[in-house]
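Heads up, the sequence shown is in full-length UniProt numbering, so the first residue is 1 and it goes up one at a time.
Cβ atoms here follow ideal geometry from the backbone N, Cα and C, with glycine treated the same way.
It should be emphasised that the depicted structure is a prediction, and the values quoted were computed from it without experimental measurement.
Below: one structure, written as structure tokens.
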Amino acid sequence: MELVVAGKPRQRAWKPKARSGCKTCKIRRVKCDEDKPYCTRCTSTGRTCDGYDSNFRSPKTSASSTPEAQNLLSSFCSGSTLRTLRSHSPLPLPLAPALPLSTTEEKSSFSFFTSHAIPKLRGFLDSPFWQREVLQAAHREPAIQHCIIALGAMYRRFHEGQHSHIRESAMADQHLQFAFLQSNRAIKVLLEKGAASSTKASAKDKMTLMTCAILFSSMCCLQGYQKHAVEHLRSGIRMLNEMDDAGEMVTEHAVELESLRTIFVALDAQIRAIMPSAQSRSWVKKPKVKSGGQALEECGKLSMASLQGVLRHIECLISHIHAFNQKTFLRGAGEEEQVGVELRELVDRFHDGARVMKKLWAEAERSRHDEFTQPLIALELMQCQMEYLLRLPRADIVARFPCLAAFQHAKEPFKTPFDEAALFANIFHLCDQLLFVPGNKSSPVFMTSMGPTAALWFIAIRAPASCQALRRRAVGLMLSYPRREGFWDGMVAGWIADEALSLEQERTRAKLNISSDDVVGDVEVPEHLRIISFWLTYPDDEDRKVRVGFSDARDLATGVPGVVKWFAW
Numbered sequence: 001m002e003l004v005v006a007g008k009p010r011q012r013a014w015k016p017k018a019r020s021g022c023k024t025c026k027i028r029r030v031k032c033d034e035d036k037p038y039c040t041r042c043t044s045t046g047r048t049c050d051g052y053d054s055n056f057r058s059p060k061t062s063a064s065s066t067p068e069a070q071n072l073l074s075s076f077c078s079g080s081t082l083r084t085l086r087s088h089s090p091l092p093l094p095l096a097p098a099l100p101l102s103t104t105e106e107k108s109s110f111s112f113f114t115s116h117a118i119p120k121l122r123g124f125l126d127s128p129f130w131q132r133e134v135l136q137a138a139h140r141e142p143a144i145q146h147c148i149i150a151l152g153a154m155y156r157r158f159h160e161g162q163h164s165h166i167r168e169s170a171m172a173d174q175h176l177q178f179a180f181l182q183s184n185r186a187i188k189v190l191l192e193k194g195a196a197s198s199t200k201a202s203a204k205d206k207m208t209l210m211t212c213a214i215l216f217s218s219m220c221c222l223q224g225y226q227k228h229a230v231e232h233l234r235s236g237i238r239m240l241n242e243m244d245d246a247g248e249m250v251t252e253h254a255v256e257l258e259s260l261r262t263i264f265v266a267l268d269a270q271i272r273a274i275m276p277s278a279q280s281r282s283w284v285k286k287p288k289v290k291s292g293g294q295a296l297e298e299c300g301k302l303s304m305a306s307l308q309g310v311l312r313h314i315e316c317l318i319s320h321i322h323a324f325n326q327k328t329f330l331r332g333a334g335e336e337e338q339v340g341v342e343l344r345e346l347v348d349r350f351h352d353g354a355r356v357m358k359k360l361w362a363e364a365e366r367s368r369h370d371e372f373t374q375p376l377i378a379l380e381l382m383q384c385q386m387e388y389l390l391r392l393p394r395a396d397i398v399a400r401f402p403c404l405a406a407f408q409h410a411k412e413p414f415k416t417p418f419d420e421a422a423l424f425a426n427i428f429h430l431c432d433q434l435l436f437v438p439g440n441k442s443s444p445v446f447m448t449s450m451g452p453t454a455a456l457w458f459i460a461i462r463a464p465a466s467c468q469a470l471r472r473r474a475v476g477l478m479l480s481y482p483r484r485e486g487f488w489d490g491m492v493a494g495w496i497a498d499e500a501l502s503l504e505q506e507r508t509r510a511k512l513n514i515s516s517d518d519v520v521g522d523v524e525v526p527e528h529l530r531i532i533s534f535w536l537t538y539p540d541d542e543d544r545k546v547r548v549g550f551s552d553a554r555d556l557a558t559g560v561p562g563v564v565k566w567f568a569w
């Protein structure tokens, strides 16, 4: 029922006209927020801000932000605490542009996307792609608009659950059905646009396709459709590589090419960490990136921009380390000299990043900038994992290329011998700091960047035998926190890691003639019985099922696949 109020028409109170807005807002006759160098009123809606007159004077800033900005800040976590808010940059999100949405469902899903999904998707650092560019692109590209509305509806159902993926039983949920409708509309728009064009896709069209690839991949991840998520990523990276090879430039799209590159490099690193080495031959080539020196040269002063630069350096290096290990696994015996040269180059790049991180930590401690603590912890966590991969590669690869063990000792740039147990204890401590927020409900989280889930898997699978209790605690945390970090499903990873630890205990007990009925707790597992390789394959006729081969060093040496288990979710 519509409520009608009778009476004379409302008269607007007279106020003097503001003369200080940007040129674009003056022409449009709308109130300008007067941000510099470009106003948010224009940039957030995809318009070009033409700047200010030479006699422009910025108004005095108010001590308190607008209610809308306060809402965006407070939406970073449901039931967020002061510690959670301080862990992010002071202004994490621009005001979300008002899309011309026609239905209540569209408006509700878009609102959830901006207020709940984006703060999680971005990870522990600011993300121009998630926080600004994809919203601006939605104004110009209907396919992107449909995708973010679909992702908002899907994230809402995920957020209301208790698992690291949407359960099969929830597929009839109204939010999911609406998400499927919106994603189908996005696909229809893309197909119609492709069919209407008589020439090959323009650089601008490719930017839209790559953006949609990330959004579709994210939706597949939320549903637990790993195979399909990987294929969307493959398509996006392949298109990026084709644009790079052709030297195509883009100047008229709301999404920056380098923002897409950053996302693709990070997701490529995740896939390479999960992918069996033998399958790497069929994977797409690594996305091109700036050299490490270029990425780090402007990161000397503590700021979110500096931390983003360090993140790009780290994610690129992690991807290259995994690619190096996969390539080395497939190499012939006569290539040891080249292997040593490539390892040294990776170690030098790692040390460049470590020096910058040390400076940024020191500045944060001196100035007590609490808002940078959590981003620094997240970066430190990735640094620790890289140090392990560089100083203690997999035993079967070291056996073929002994030069890979060179940095286990105190060899430049490392000042001390490698202390494996201490490193894993530190990794666990960093994970605990990122996961634990006092009084905060453990609601499901999906982010596209690497975080504690991958690191906890690392502890469970790679920590030394003397750290058996720590390995169990890492599995426990994976199973306790319903998290999805890109292609890392925390709960599924926890199931697989728990099975690996059980297999190791079974084999060790059999070797020591200890009955399974004897209650002696975990026994220390000898190195040759450790599960060191996981071969994951996804059947063609199953979307939410994986076949896992668990192999120890002996299995790998003899070419036996090891124990095979199936996991479904």
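Could you spell out the range, first to last residue, of the beta strand (DSSP E) harbouring residue i?
i    : result
E485 : R483 to E485
S502 : It is not in any beta strand (DSSP E) - S502 instead sits in the alpha helix (DSSP H) that spans G490 to K511.
Tell me where the alpha helix (DSSP H) around residue i begins and ends.
i    : result
S533 : Run containing S533: none in the alpha helix (DSSP H); it sits in the beta strand (DSSP E), I531 to T537.
R554 : A553 to T558
W361 : E336 to S367
R324 : Checking the displayed sequence, the identity of residue 324 turns out to be Phe instead of Arg. Counting along the chain, the alpha helix (DSSP H) containing F324 begins and ends at M304 to F329.
L135 : V134 to R140
K288 : Unbroken run through K288: none, as it is neither H nor E.
I118 : I118 to L121
State yes or no: is the C-beta of residue i nearer than 7 Å to some heavy atom of the ligand NAP?
i    : result
R554 : The ligand NAP is absent from the structure shown, which contains no ligands of any kind.
Could you pull the DSSP bridge partners for residue i from this structure?
i    : result
S109 : Per DSSP, none; premise fails for S109.
F567 : V546
If distances are taken between C-alpha atoms only, which option among the options comes closest to residue i?
i    : options                   : result
K206 : T251, D173 and V230       : T251
R554 : D543, I318, H146 and R530 : R530
G486 : H165, E34, H159 and C431  : H165
L302 : R349, V265, S282 and K359 : K359
W361 : D348, F350, V347 and I377 : I377
D489 : L501, I459, M450 and L257 : M450
F158 : I496, R483, V520 and S516 : R483
G332 : E387, E315, I397 and I271 : I397
Q182 : L215, M478, E336 and P452 : L215
Y155 : A138, V189 and F110       : F110
Q270 : M382, A278, V560 and L191 : M382
C147 : R122, H116, S466 and L190 : L190
Q505 : V492, E527, G494 and A229 : E527
M239 : A213, V230, L477 and F418 : A213
E337 : F428, A364, V564 and A406 : A406
A454 : A195, P417, R472 and I427 : I427
V347 : L311, L379 and C384       : C384
V341 : L267, E380 and F401       : F401
L233 : P287, F436, D245 and P417 : P287
Tell me whether the beta-carbon of residue i lies closer than 8 Å to the beta-carbon of residue j.
i    : j    : result
W569 : G549 : no
F180 : G152 : no
L390 : G353 : no
E34  : G21  : yes
W171 : A203 : The residue asked about is misnamed: residue 171 is Met in this sequence, not Trp. In this structure, A203 does not lie closer than 8 Å to M171 by Cβ.
S259 : E133 : yes
Q408 : L392 : yes
M210 : G247 : no
D126 : M304 : yes
I459 : A474 : yes
V255 : E315 : no
V284 : N241 : yes
E387 : F329 : no
E420 : Q468 : no
P375 : F124 : yes
T448 : S218 : yes
T373 : R312 : no
A463 : M478 : no
P413 : G161 : no
C403 : V356 : no
L470 : C431 : no
I149 : E192 : no
L99  : Q145 : yes
| said: If we require 3 or more residues per run, which beta strand (DSSP E) segments fall completely within the stretch 432-482? | reply: 445-447
*Which ranges does the alpha helix (DSSP H) cover as unbroken runs of at least 4 residues, wholly within the stretch 369-402, from first to last along the chain?*
373-391 and 395-400
query: Of all the alpha helix (DSSP H) runs that stay within the bounds of the stretch 180-264, which reach a length of 4 or more residues?
result: 203-223 and 226-246
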